[in-house]
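First comes the structure, then the notes that go with it.
Number of protein chains: 2
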Amino acid sequence: MSDGEKEVKRIPDATVARLPIYLRSLLELSADTLTVSSEQLADSAGVNAAKVRKDLSYLGSYGTRGVGYDVEYLQSQMRRALGLTHDWPVVIVGIGNLGAALANYGGFGDRGYPVAALVDADPDVVGTEYGGLVVQPASSLADVVREHGIGIGVITTPAAAAQDVADALIEAGVNSILNFAPTVVTVPDGVSLRKVDLAVEMQILSFYQQRRES
Amino acid sequence: MSDGEKEVKRIPDATVARLPIYLRSLLELSADTLTVSSEQLADSAGVNAAKVRKDLSYLGSYGTRGVGYDVEYLQSQMRRALGLTHDWPVVIVGIGNLGAALANYGGFGDRGYPVAALVDADPDVVGTEYGGLVVQPASSLADVVREHGIGIGVITTPAAAAQDVADALIEAGVNSILNFAPTVVTVPDGVSLRKVDLAVEMQILSFYQQRRES
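Going down the list, the sequences are from chains A and B. With numbering that gives the first Met the number 0 applied, the first sequence has no gaps in its numbers, which climb one by one up to 213 at the end. With numbering that gives the first Met the number 0 applied, the second sequence has no gaps in its numbers, which climb one by one up to 213 at the end.
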């Protein structure tokens, strides 16, 4: 199975979540590094080496005892697994402070996730421009998704609007959602949802900061 | 122990990470909701009700069988535990696209984490203004931290600079770091580190998106 010809085993979610971390570690190795050990990759993801070997086995990668994994081959396997062999256009819905910030942030496009469209429900926001894109009305969401072949939606609305926007994205055919709105959004089976809540991160930090100071 | 008089038990990290989620759920309840069950809170955090009860017991909250938890009291306990009873000024280091975006984003200040200072190593960036703050040179980091009583640092530098910036923040007395740079940063014991990697989130989504399409 080392050549990946056989169908890849169903990869557990926890493994999927570590693959980008491994890939990042591989990209940080110096250019002349030909092989990498499971121990080296383990540190980056906060797991042990046995877990790394198990994770990589799902990609059909087994490495060589005493030598490790071929860096270039492992990179290409990860890129293929993570869908990094082509671009994934993204729509950002909710162009308030955070949405505008992300629209202006070039980091998505650099990584293969170009922001293809911006959408907002507020008539005063529609027509404004961020990162070279004109904000479209919420009513055109389905058209925008179809036109740009968008599979990933980023929600940056206020909490109260997030569920309706998620529903509209799914209705429009978007199956992957990254939710920045500070609320719980539910999606049906078959739709992927990830969330980033900056307030949660800050509150965890202030918990420890307070404990330290007391 | 229901009145929190006794010293609060050492709260496990996993519980700390769920407290902001519980708090968010409490804030989303309608204003006339007086009590909440562990089952209601469980859904929001993706754990079961027994885990919620265990988590809340660390705050000295036990609820009443058949009634649940007093919403207002639970909120105030969480706010106190998470340090939300006062502001925590923040410094953002690395004012590229993402740093500038976060500086302009009002969301931190709204939640009790006002951005007090911006710092960058690039002389061309120093002196520019975002969100009403003038970017300070890297050499003034320690002064800035002392002057504003900053306990939390946000790193938005390129990957290559992140570890040096983390070291400089810690040297300046900052004990809590939120790292957006797409790299692993290590910190000594006693320093809290959280990370947000937008590329990782997108790659996890494209993994599933690709699997769905194939």
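Cβ coordinates follow ideal geometry from the N, Cα and C atoms, glycine included.
- With respect to the 9 Å criterion, A:Leu-197 and B:Phe-107 are classified as neighbours on the basis of their beta carbons.
- Nearest to A:Ala-116 by C-alpha distance, out of A:Tyr-207, A:Pro-181, A:Asn-178 and A:Ile-149, is A:Ile-149.
- DSSP places A:Val-199 inside the alpha helix (DSSP H), whose first and last residues are 197–212.
- Contact annotation for B:Gln-76 against chain A: no contact, minimum CB-CB distance about 13 Å [criterion: below 8 Å].
- Across the stretch 163–185 of chain A, CB contacts with chain B closer than 7 Å involve Asn-174, Ser-175, Leu-177, Pro-181, Thr-182 and Val-183, in sequence order along the chain.
- DSSP places A:Gly-108 in no beta strand (DSSP E) but in the uninterrupted alpha helix (DSSP H) bounded by 106–109.
- Leaving aside the five residues that flank B:Ala-180 on each side, the residues in its chain whose CB is nearer than 6 Å to its CB run, in chain order, Ile-154, Thr-156, Ala-158 and Ala-161.
- DSSP, read as helix, strand or coil, puts B:Arg-17 in helix.
- A:Val-118 carries a strand assignment under DSSP once its states are collapsed to helix, strand and coil.
- With respect to chain B, the C-beta atom of A:Asp-119 has no partner C-beta closer than 9 Å.
- Distance from the CA of B:Gly-126 to the CA of A:Ala-141, rounded to the nearest whole angstrom, comes to 43 Å.
- Taking a C-beta distance under 9 Å as the contact criterion, A:Gly-152 and A:Ala-165 qualify as a contact pair.
- If the five residues before and after B:Gly-172 are omitted, its C-beta is found closer than 6 Å to the C-beta atoms of Val-144, all from its own chain and listed in chain order.
- Contact residues of the stretch 185–210 of chain B toward chain A are Gly-189, Ser-191, Arg-193, Val-195, Asp-196, Leu-197, Ala-198, Val-199, Glu-200, Met-201, Gln-202, Ile-203, Leu-204, Ser-205, Phe-206, Tyr-207, Gln-208 and Gln-209 (C-beta to C-beta distance below 8 Å).
- Put simply, of B:Val-118, B:Asp-163, B:Tyr-68 and B:Phe-206 the residue whose alpha carbon is nearest the alpha carbon of A:Ala-13 is B:Phe-206.
- Separation of A:Pro-88 and B:Leu-204 (C-alpha to C-alpha, rounded to the nearest whole angstrom) is 12 Å.
- If you draw a straight line from the Cα of B:Pro-187 to the Cα of B:Ser-175, it is about 11 Å long.
- In this structure, DSSP gives A:Asp-69 an extended state, which the three-state scheme calls strand.
- A residue is called buried when at least 16 other Cβ atoms come within 10 angstroms of its Cβ; B:Asn-47 does not meet this threshold and is exposed.
- The DSSP-derived three-state label of B:Gly-62 is coil.
- For the stretch 16–33 of chain B, the residues whose beta carbon sits under 8 Å from a beta carbon of chain A are, in order, Ala-16, Leu-18, Pro-19, Ile-20, Leu-22, Arg-23, Ser-24 and Glu-27.
- Counting along the chain, B:Asn-96 sits inside the alpha helix (DSSP H) bounded by residues 96–103.
- Looking at the DSSP output, B:Glu-128 shares a beta bridge with B:Val-133.
- Around the C-beta of A:Glu-200, 16 or more other C-beta atoms lie within 10 Å, and the residue is accordingly described as buried.
- Per DSSP, B:Leu-192 is one residue of the beta strand (DSSP E) stretching across 191–194.
- Annotation: A:Ser-213 to B:Ala-80 spans about 12 Å, alpha carbon to alpha carbon.
- Looking at B:Ala-49, B:Thr-32, B:Leu-97 and B:Asp-31, the one whose alpha-carbon comes closest to that of B:Glu-38 is B:Ala-49.
- Taking C-beta atoms under 8 Å as the contact rule, B:Leu-33 and B:Val-70 qualify, at a distance of about 6 Å.
- At a cut-off of 9 Å, the C-beta of A:Glu-212 has a neighbouring C-beta in chain B.
- Here B:Tyr-129 is not near B:Ile-169, since their CB atoms are 9 Å or more apart.
- One alpha carbon belongs to A:Thr-63, the other to A:Pro-113, and they sit about 37 Å apart.
- Per DSSP, the unbroken beta strand (DSSP E) holding A:Val-90 starts and ends at 89–92.
- For the C-beta of A:Ser-43, the chain B residues within less than 7 Å are, from N- to C-terminus, Val-183.
- Excluding residues up to 5 positions away in sequence, Ile-91 and Thr-155 lie with their Cβ nearer than 6 Å to the Cβ of B:Gly-98 in the same chain.
- Within the stretch 123–154 of chain B, those residues whose Cβ lies closer than 7 Å to any Cβ of chain A are, in chain order, Gly-150 and Ile-151.
- The beta carbon of B:Leu-40 does not come within 9 Å of any beta carbon belonging to chain A, so the residue lies off that interface.
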